[in-house]
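Mapping the sequence shown onto my numbering, position 92 (from 1) lands on 118, and the numbers just tick up by one.
Input: a single structure, listed below in structure tokens.
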Amino acid sequence: MKVTGSAVLNAPRDRVWEAINDPAVLVRTVPGCQQLEQVGPDSYRATVHAGVASIKGVYSGEVRLSDQVEPSSLVLHASGAGSPGTISADVQVSLADQDGGSTTRLDYDADAVVGGMIGGVGQRMLTSAA
């Protein structure tokens, strides 16, 4: 499953970069993330509540930041498993100055693979919507 998008953040790029690398901020940027514990440099243990339709559950997994080019880009790798299934995603994140550097454009391009019961339900929902 491919997910792309962008957002303009009301902060200069260096502050956005610092925030992305701060676990207390990063936990709030991952949808459904309940806990993010740093276990090494750029590596975190995560607990995420997520689901599709009535198939919801808690996933335990890992989040890792790699390919960092400060303050321009990085890759966020996430993987986890729970009773509804499995999920893994690679998210390319790019940051660019806007408005003379007073704001930052954040672009993301994610490839996610969902398996198990949640994967089947999610795929049917996406196919019927297409």
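We put the beta carbon where it would ideally sit given N, CA and C, even for glycine.
| For Arg-39 versus Pro-97, is the C-beta distance shorter than 8 Å? | Result yes, Cβ atoms of Arg-39 and Pro-97 sit closer than 8 Å.
| said: Going by DSSP in three states, Ala-37 sits in which element: helix, strand or coil? | reply: The three-state reading of DSSP puts Ala-37 in coil, since its state is none of H, G, I, E or B.
| message | If the criterion is Cβ atoms closer than 8 Å, does the pair Val-42 and Leu-121 meet it? | response | Taking 8 Å as the Cβ cut-off, Val-42 and Leu-121 qualify as a contacting pair.
| Which residues in the same chain have their Cβ closer than 8 Å to the Cβ of Ser-32, if we skip the five residues on either side of it in sequence? | Excluding five sequence positions before and after Ser-32, the CB atoms of its chain that fall closer than 8 Å to its own CB belong to Arg-131, Leu-132, Asp-133 and Tyr-134, given in chain order.
| request: Please confirm whether Ser-13 and Ser-114 have their CB atoms less than 8 Å apart. | output: The shown model of the chain, from 27 to 156, leaves out residue 13, and the question about it has no answer.
| Cβ pair Gly-112, Asn-36 closer than 8 Å | One point to set straight first is that residue 112 is Thr, not Gly, in the sequence displayed. The answer is no: Cβ separation not under 8 Å.
| Is the distance from the Cβ of Ser-109 to the Cβ of Gly-83 below 8 Å? | Cβ distance < 8 Å, so Ser-109 and Gly-83 count as in contact.
| Which partner residues of Thr-73 appear in the DSSP bridge assignment? | Gln-61 and Ser-86, per the DSSP bridge assignment.
| task | With a 10 Å radius around its C-beta and 16 neighbouring C-beta atoms as the bar for buried, classify Ala-76 as buried or exposed. | result | By the 10 Å Cβ count, Ala-76 comes out buried.
| query | With a CB to CB cut of under 6 Å and the five nearest residues on each side skipped, what residues in its chain are close to Gly-58? | reply | For Gly-58, where only same-chain residues beyond five positions count, the Cβ hits under 6 Å are Val-74, His-75 and Ala-76.
| task | Take Val-117 and list the residues in its own chain whose beta-carbon comes closer than 6 Å to its own, dropping the five residues that flank it on each side. | result | Excluding sequence neighbours, Val-117 sits near Leu-102, Tyr-134 and Ala-136.
| Same chain, Cβ closer than 6 Å to Val-29, five either side skipped, listed in chain order | Only Ala-136 meet the Cβ criterion.
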